[in-house]
Amino acid sequence: GGYLTTFRGGTVFWSSSTGAKALRGSILARYVAHGGPKVLGYPTTDDVKAVGGAKAELQGGAIYWSAATGAHVVRGEILARWRQLGAETGRLGYPTGDDTAVSGGSRSAFRGGTIWWSPTTGVRVVESPAAEAYADLGGPTSYLGFPTRDTRAVAGGRRTDFQGGYLLVAADGEVSAHRN
Numbered sequence: 002g003g004y005l006t007t008f009r010g011g012t013v014f015w016s017s018s019t020g021a022k023a024l025r026g027s028i029l030a031r032y033v034a035h036g037g038p039k040v041l042g043y044p045t046t047d048d049v050k051a052v053g054g055a056k057a058e059l060q061g062g063a064i065y066w067s068a069a070t071g072a073h074v075v076r077g078e079i080l081a082r083w084r085q086l087g088a089e090t091g092r093l094g095y096p097t098g099d100d101t102a103v104s105g106g107s108r109s110a111f112r113g114g115t116i117w118w119s120p121t122t123g124v125r126v127v128e129s130p131a132a133e134a135y136a137d138l139g140g141p142t143s144y145l146g147f148p149t150r151d152t153r154a155v156a157g158g159r160r161t162d163f164q165g166g167y168l169l170v171a172a173d174g175e176v177s178a179h180r181n
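Heads up: the sequence shown begins at 2 in this note's numbering, then just goes up one per residue.
Put into structure tokens, the structure is as follows:
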């Protein structure tokens with residue numbers, strides 16, 4: 002469906018629908034490691050500067066890079082929700098891992114939390130430190146299941162609701178888990 006030409010400083014990818022786009026460095030390495038055009042489609046932009054890093058748009062998602070987090074793939078509804086929250090300049094910041102399939106859905110980790118998706122619950126944001134506590138409990142395979150509501154402010158702290166309970170982060174940062 003397209004062509005590529007490798008140069009000392011990067012690779013130019015071409016398809017009839019995207020034209021020629023150049024990827025370099027860590028963004029190029031992540032693109033190739035994640036399956037390149039077969040998995041992510043062709044680049045729709047060159048890699049470009051972003052606030053505090055760089056990014057490249059792809060037919061099947063995007064790759065964001067910062068010196069602190071490295072380059073990571075974000076796709077689908079998780080990418081759309083993260084962008085609604087301000088993407089790399091929002092409260093979640095840069096991704097810290099690639100989007101990952103989990104039993105029943107997917108997730109993407111960011112500096113300030115994790116975005117989860119399942120066909121039953123949709124896209125939900127679990128902010129830190131609840132995100133770390135949720136992971137420690139086993140994430141969606143725990144009694145909590147998938148998040149059903151984004152983390153939000155409540156009297157005395159912040160709360161995240163799940164299929165089987167909720168996590169409450171007190172004002173002092175202590176996290177407590179509660180079953181429904």
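Using N, Cα and C, we set each Cβ at its ideal position, and we do this for glycine too.
This one's a predicted model, so the numbers in the text were calculated from it and none came from an experiment.
If you follow the beta strand (DSSP E) that Asp162 is in, where does it begin and where does it stop? Position 161 of the sequence shown, counting from 1, holds the residue named residue 162. Here the beta strand (DSSP E) through Asp162 covers Gly158 to Phe163.
Looking only at C-alpha atoms, which of Arg82, Gly20, Phe8 and Gly42 sits nearest to Thr115? Position 114 of the sequence shown holds residue 115. Cα-wise, what sits closest to Thr115 is Arg82.
Cβ distance (whole Å) where Thr97 is taken to contact Arg108 below 8 angstroms: Here residue 97 corresponds to residue number 96 of the sequence shown, with the count starting at 1. Here residue 108 corresponds to residue number 107 of the sequence shown, with the count starting at 1. So it is not a contact: roughly 11 angstroms between Cβ atoms.
Selection from Tyr135, Asp47 and His35 that minimises the alpha carbon distance to Phe147: As a working note, residue 147 is residue 146 in the sequence shown. When each option's Cα is compared against that of Phe147, the closest is Tyr135.
Test item: CB-CB of Arg150 and Arg125 under 9 angstroms: In the sequence shown, the residue the question calls residue 150 occupies position 149. In the sequence shown, the residue the question calls residue 125 occupies position 124. Cβ atoms of Arg150 and Arg125: closer than 9 angstroms.
At what residue ranges does the segment 100 to 155 contain a whole run of the alpha helix (DSSP H), taking only runs of 4 or more? 131 to 138
At least 3 beta-carbon pairs within less than 8 angstroms: the segment 82 to 95 vs the segment 32 to 47: no
Alpha-carbon spacing of Gly10 relative to Ala57, whole angstroms: Reading the sequence shown from its first residue, position 9 is the one you call residue 10. Reading the sequence shown from its first residue, position 56 is the one you call residue 57. Roughly 16 angstroms between the two C-alpha positions.
For Thr97, three-class secondary structure by DSSP: Walking along the sequence shown from the start, residue 97 turns up at place 96. Here Thr97 sits in coil by DSSP.
Please list the segments of the beta strand (DSSP E) lying wholly inside the segment 5 to 42, counting only runs of 3 or more residues, in order along the chain. 11 to 16 and 20 to 24
Classify Thr19 as buried or exposed, calling it buried when 16 or more other Cβ atoms lie within 10 Å of its own Cβ. For the purposes of this step, residue 19 is taken as residue 18 along the sequence shown, with counting starting at 1. With 16 or more Cβ atoms within 10 Å of its Cβ, Thr19 is classed as buried.
Please report the Cβ distance between Gly62 and Tyr95, rounded to the nearest whole angstrom; I am assuming they are in contact, meaning their Cβ atoms lie under 8 angstroms. Taking the first residue of the sequence shown as 1, we reach residue 62 at position 61. Taking the first residue of the sequence shown as 1, we reach residue 95 at position 94. About 15 angstroms; that fails the 8 angstroms criterion.
Which residues mark the beginning and the end of the beta strand (DSSP E) in which Glu78 is found? In the sequence shown, counting from the first residue as 1, residue 78 sits at position 77. Element bounds for Glu78: not the beta strand (DSSP E) but the alpha helix (DSSP H), Gly77 to Gln85.
DSSP three-state label for Ala172, please. Residue numbering aside, residue 172 sits at position 171 when the sequence shown is read from its first letter. Three-state DSSP puts Ala172 in coil, outside helix and strand.
For Leu24 and Asp48, believed in contact at Cβ under 8 angstroms, the rounded distance: For the purposes of this step, residue 48 is taken as the residue at position 47 of the sequence shown. For the purposes of this step, residue 24 is taken as the residue at position 23 of the sequence shown. That belief holds up - the Cβ atoms of Asp48 and Leu24 are roughly 5 angstroms apart, short of 8 angstroms.
Indicate the three-state DSSP secondary structure (helix, strand or coil) for Ala1 in the structure shown. With the chain running from 2 to 181 in the structure shown, residue 1 is simply not present.
Sequence-distant residues of the same chain with beta carbon closer than 6 angstroms to Thr6, five excluded per side: Within the sequence shown, residue 6 is the residue found at index 5, counting from 1. Excluding positions up to five away in sequence, the list reads Val13.
CA-CA distance, Lys22 and Gln60? Residue mapping note: residue 22 aligns to position 21 of the sequence shown, counting from 1. Residue mapping note: residue 60 aligns to position 59 of the sequence shown, counting from 1. Approximately 12 angstroms, taken between the alpha carbons.
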